[in-house]
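Colleague: Quick note: the sequence shown uses the working numbering, first residue 18, plus one each step.
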Amino acid sequence: MKTLTLIFGAVYGMLSVILGAFGAHALKKILSVERLESFETGVRYQMYAAFFLLIVGYILKFETTSEKWVSILMIAGTILFSFSIYLLSLQDYLGANLKFLGPITPLGGLMMILSWGMLIWYFAKNRI
18 MKTLTLIFGA
28 VYGMLSVILG
38 AFGAHALKKI
48 LSVERLESFE
58 TGVRYQMYAA
68 FFLLIVGYIL
78 KFETTSEKWV
88 SILMIAGTIL
98 FSFSIYLLSL
108 QDYLGANLKF
118 LGPITPLGGL
128 MMILSWGMLI
138 WYFAKNRI
């Protein structure tokens, strides 16, 4: 789980830079300001998740189920949160009605919040 967490952290970081540059250059010409801001929110939170996973990957030993869930919730939550935002931002350009993804975004955000909460609990419990 440690290696998987570190890999996801690195991949999320790399994709954040790629998607951020893509948004700043290519999408700036085709998306509305509002849609571009949403896209950038997805990128920003994905980068936060990348840092989180890289740090957690080095701090936690992943010996308990709860330690594993800290990582799982952040990985899954970021996919649901950021990637649903990317698709919703691009739906007009793609010519697709992706409004069904609207409820997915807050679910991903909730998973990310739970991951942070579990990390706080881990720190309090282990007095690190």
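Glycine included, C-beta positions come from ideal geometry on N, C-alpha and C.
On a predicted model such as this, the values are computed, not experimentally measured, just so you know.
Assign T122 to one of three DSSP states: helix, strand, or coil.
Modeller: Walking along the sequence shown from the start, residue 122 turns up at place 105. Three-state DSSP puts T122 in a helix.
Colleague: Verify whether the separation of the beta carbon atoms of L136 and V73 is less than 8 Å.
Modeller: Residue 136 sits at position 119 when you count from the first residue of the sequence shown. Residue 73 sits at position 56 when you count from the first residue of the sequence shown. Contact: yes.
Colleague: Mind checking which residues open and close the alpha helix (DSSP H) that includes S99?
Modeller: Mapped onto the sequence shown, residue 99 falls at position 82. Taken as a continuous stretch (DSSP letters only), the alpha helix (DSSP H) holding S99 covers 82 to 111.
Colleague: Measuring alpha carbon to alpha carbon, tell me which residue in L44, Y62, M18 is nearest L79.
Modeller: Taking the sequence shown and counting its residues from 1, the one referred to as residue 79 is at position 62. Per the sequence shown, residue 79 should be read as Phe rather than Leu. When C-alpha distances from F79 are compared across L44, Y62, M18, the shortest belongs to M18.
Colleague: Would you tell me roughly how many angstroms separate the C-alpha atoms of A43 and L70, rounded to the nearest one?
Modeller: Here residue 43 corresponds to residue number 26 of the sequence shown, with the count starting at 1. Here residue 70 corresponds to residue number 53 of the sequence shown, with the count starting at 1. When rounded, the distance between both Cα atoms is 28 Å.
Colleague: Pick helix, strand or coil for L115, following the three-state DSSP scheme.
Modeller: To locate residue 115, count along the sequence shown from 1; it is residue 98. L115: coil per DSSP, three-state reduction.
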